[in-house]
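> Please find one structure pasted underneath; my questions will follow.
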Amino acid sequence: DAGVIQSPRHEVTEMGQEVTLRCKPISGHNSLFWYRQTMMRGLELLIYFNNNVPIDDSGMPEDRFSAKMPNASFSTLKIQPSEPRDSAVYFCASARLAKNIQYFGAGTRLSVL
Amino acid sequence: EDKVVQSPLSLVVHEGDTVTLNCSYEVTNFRSLLWYKQEKKAPTFLFMLTSSGIEKKSGRLSSILDKKELFSILNITATQTGDSAVYLCAVEARGGNNRKLIWGLGTSLAVNP
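Quick note, the sequences are listed as chains X and V, same order. For the first sequence, my numbering gives the first residue as 345, with consecutive numbering after it. For the second sequence, my numbering gives the first residue as 1457, with consecutive numbering after it.
Structure representation (structure tokens):
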């Protein structure tokens, strides 16, 4: 069974540009999580969904960040406009509702110049 | 405020040594504690602990939870260079739709030949 699939793996963009990160969760998983990881702050939860519904977006840094989950097999995280301080690795993870063992994708390394 | 603290922050050992990594937590309505290993890419799941005093074991890795003293340890015996990674501890709290894991900053382990 395929794991969590994220794309792109690397993204280099210029300040002010829009960035869209994509995630396909493991089939059958009902919860999906977006994280950001930096050396200084570690893993930070940005937002998570249960059954495609956003439950908690308190970790989203500001209005420049938005996330959607239009169906059970796809989610996006968008940053518009991007800023250099958004440079980080962004992970998507999924889990079953019954047991919160989260399985992570390989991540997207974002560099905003 | 809920928090998870890991110690030490980093550790350097020689192959064959035994290491103990620590994770202490303060969480309202504890549900479970999870250990993950992160090499260069995504965190990968190691253990989930929910009951106090019951050891989980997988090969040379083992972990135990003490719910009275609010901590967990991860032991690695006969370390190998392939054990070099960041080890992350996360705690889940009970409550409604809550699926958030509270993450520690990790222990960076380097195993030298």
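Even glycine gets a Cβ: it sits at the ideal position worked out from N, Cα and C.
Nearest-angstrom Cα distance between X/M384 and X/V348?
25 Å
> Measuring straight from C-alpha to C-alpha, what distance separates V/S1528 and V/D1522?
6 Å
> Going by C-alpha distance, which of V/M1504, V/D1539 and V/R1555 is nearest V/T1476?
V/D1539
> Short check: CB of X/T420 to CB of X/Q350, under 8 Å?
Result no, Cβ atoms of X/T420 and X/Q350 do not sit closer than 8 Å.
> Is V/T1533 buried or exposed, if buried means 16 or more other CB atoms sit within 10 Å of its CB?
exposed
> Should X/Q446 be flagged as near chain B, meaning a C-beta pair shorter than 8 Å?
Of the protein chains in this structure, namely X and V, none is chain B.
> For the 8 Å Cβ check, are there 3 or more pairs between the stretch 360 to 370 of chain X and the stretch 437 to 454 of chain X?
yes
> Which residues, in order along the stretch 1494 to 1509 of chain V, keep a beta-carbon less than 7 Å from a beta-carbon of chain X?
Within the stretch 1494 to 1509 of chain V, the residues whose Cβ lies closer than 7 Å to some Cβ of chain X are K1497, A1498, P1499, F1501 and M1504, listed in chain order.
> Provide the residue span of the beta strand (DSSP E) that contains X/L389, from first to last.
Start and end: G386 to N394.
> Chain V partners of X/G360, CB-CB under 8 Å?
By Cβ distance, chain V contributes nothing, its closest Cβ being about 29 Å from X/G360, past 8 Å.
> So who's on the other strand from V/M1504, going by DSSP bridges?
V/L1490
> Assign V/T1484 to one of three DSSP states: helix, strand, or coil.
Coil.
> Within the same chain, show all residues whose beta-carbon is closer than 6 Å to that of X/K422, passing over the 5 residues directly before and after it, in chain order.
T364 and S410
> Using a Cβ-Cβ distance under 8 Å, would X/D400 count as near chain V?
Closer than 8 Å: yes.
> Within 8 Å (strictly less), CB to CB, does X/Y434 reach chain V?
no
> Of all Cβ atoms in chain V, is any one closer than 8 Å to the Cβ of X/G451?
yes
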